[in-house]
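2 protein chains.
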Amino acid sequence: MAEVRPGGRTARVRASVLQATGDLLAEHGFAHLDLAEVARRADVGRTTVYRRWGTTTALVTDLLLDMAEQSLPRTDTGSLLDDLRANARLVQRTLSDARQSALFKAIIAAATCDEHAADALRGFYRTRVAEWAPCVELAVERGEVPAGTDPYEVIRAVSAPLYYQLLITGEVPDKAAADRAARTAHLAARAGAFV
Amino acid sequence: MAEVRPGGRTARVRASVLQATGDLLAEHGFAHLDLAEVARRADVGRTTVYRRWGTTTALVTDLLLDMAEQSLPRTDTGSLLDDLRANARLVQRTLSDARQSALFKAIIAAATCDEHAADALRGFYRTRVAEWAPCVELAVERGEVPAGTDPYEVIRAVSAPLYYQLLITGEVPDKAAADRAARTAHLAARAGAFV
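Heads up: the protein sequence lines correspond to chains W and V, in order. Whatever position you read off the first sequence (first residue = 1), add 9 for our numbering. Whatever position you read off the second sequence (first residue = 1), add 9 for our numbering.
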């Protein structure tokens, strides 16, 4: 078929395999993730999955890489509070989606006892936080928050209460929680708490 | 032996069993917790452990109950910031202790996929948060934070960044992180973020 570029099949295989990996993680958790089952669910040859990924950790790492690449770019509203609110709502939408929240819970649980899963998870958040850090850098330039404010700490402070709800209190974070998280981080940043 | 009160043996058995449960959770996680192994490690008869607790979830629930009862009472310094700092440092000491942090990670990971473990975990935090909530109520009475401030939300806001480090960034929270968590929650509470 002329419309299929070289590499098109490879990309489709990867998409199917990562979709199946995410589905199985969300349904059964990391401990039950199995390469043969991923191949079956993705309708891809087992040999391909074994050769290209080889381990369940490699699958999770690639899934997180793909999720980091596909996640929405940061906003630039000209106001740090509005940017942080957009970030908080993005996190909140992810953690209130049934499949995505199950997926994150599975990977975070795996990361508590598997160093490779922990590395993959930290890589994902490094990418996401780096994407949003410039909001804080611009706010420093505008004089909205003090010079020397750590952009990474501000972005992490927005996420922390939403993940606390997901993992500790077992609540589904709502928009009000997202807006409160953004407002709290913004107040603290303005007061110099992240210098 | 005259010095052993009735019930003394029962209390000693419970202490040994909960110590063994905590050790095994910290070492191997919830998925590998086994009643016979707990009995062996505690040097207590298997029948006793099966009859008195019966399931691994019951063991974890009782362990969390015991931990909630044994944890330190709240401070009352007359200043909300100082009380929140004391609370943050208590959480930070727990999460930076090797055994305790492994234990919490194991239980939190279990709670992501086991509803009984999740209930036990939520019960533990309800007790802990209820212990510290009066700090905020007193601050409302003193006019330090606005009327209608939700004490539970304030106390949870102190913990959230420290648990985020434990579970997401994989860092060991230090005193500076504890103090920043307390300061951030205090600023937000004063500004009415938890009304």
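We put the CB at the ideal spot given by N, CA and C, even for glycine.
- The beta carbon of ALA190(V) is closer than 7 Å to those of ALA97, VAL167, PRO170 and LEU171 in its chain, skipping five residues each way along the sequence.
- Residue contact check for LYS114(W) against chain V: a CB pair falls below 8 Å.
- For a Cβ distance threshold of 7 Å, nothing in chain V lies close to PRO160(W): the least Cβ distance comes to about 15 Å.
- Between the alpha carbons of LEU33(W) and ALA126(W) lies a distance of about 16 Å.
- Cβ-Cβ separation between ALA40(W) and ALA40(V): approximately 6 Å, consistent with a contact (criterion under 8 Å).
- When only Cα atoms are considered, VAL138(V) and ASP128(V) end up about 15 Å apart.
- When the five nearest sequence neighbours on each side are left out, the beta carbons in the same chain lying within less than 6 Å of the beta carbon of VAL100(W) are those of SER168 and LEU171, in order along the chain.
- In its chain, beyond the 5 residues on either side, VAL145, ALA194, ALA198 and PHE203 have a beta carbon closer than 7 Å to the beta carbon of VAL163(W).
- With a 10 Å radius around the Cβ and a threshold of 16 neighbouring Cβ atoms, GLY54(W) comes out exposed.
- Membership of LEU73(W) in the alpha helix (DSSP H) is indicated by the continuous run 65-79.
- Within chain V, the residues whose beta carbon sits less than 7 Å from that of CYS122(W) are GLY38 and ALA118, listed in sequence order.
- Rounded to the nearest whole angstrom, the CA to CA distance from CYS122(V) to VAL69(V) is 14 Å.
- Around the beta carbon of THR86(V), a 10 Å sphere encloses fewer than 16 other beta carbons of the protein chains shown; the residue is thus reported as exposed.
- Taken through DSSP and simplified to helix, strand or coil, THR178(V) comes out as helix.
- Residues of chain W whose Cβ lies closer than 7 Å to the Cβ of SER25(V) do not exist; the shortest such Cβ separation is about 25 Å.
- For a cut-off of 8 Å, the C-beta gap from THR178(V) to ARG83(W) is around 19 Å, too long to register as a contact.
- Segment contact: the segment 147-162 of chain V against the segment 56-67 of chain V, fewer than three CB-CB distances shorter than 8 Å; contact not assigned.
- Taken in chain order, the members of the segment 177-191 of chain W whose beta-carbon sits within less than 7 Å of a beta-carbon on chain V are ILE177, THR178, GLY179 and ARG189.
- Taking a beta-carbon distance threshold of 8 Å, SER168(W) counts as an interface residue toward chain V.
- Secondary structure note for ALA190(W): its alpha helix (DSSP H) is the uninterrupted segment 184-199.
- Each residue's CA atom was taken as its position, placing ALA45(W) and LEU112(W) some 19 Å apart.
- Just measuring C-alpha positions, the residue of ARG21(V), GLN28(V) and ARG102(V) sitting nearest ALA185(V) is ARG102(V).
- Distance between THR65(V) and GLY201(V), taken at the CA atoms: about 42 Å.
- Scanning the segment 20-44 of chain V for uninterrupted alpha helix (DSSP H) segments of 4 residues or longer gives nothing; none is fully contained.
- For LEU196(W), the chain V residues whose Cβ falls inside 9 Å of its Cβ are THR193, LEU196, ALA197, ARG199, ALA200 and ALA202, in order along the chain.
- Within the same chain, THR30, LEU33, LEU34, THR65, LEU68 and VAL69 come within 8 Å of LEU42(W) by CB-CB distance, once the 5 residues on both sides are set aside.
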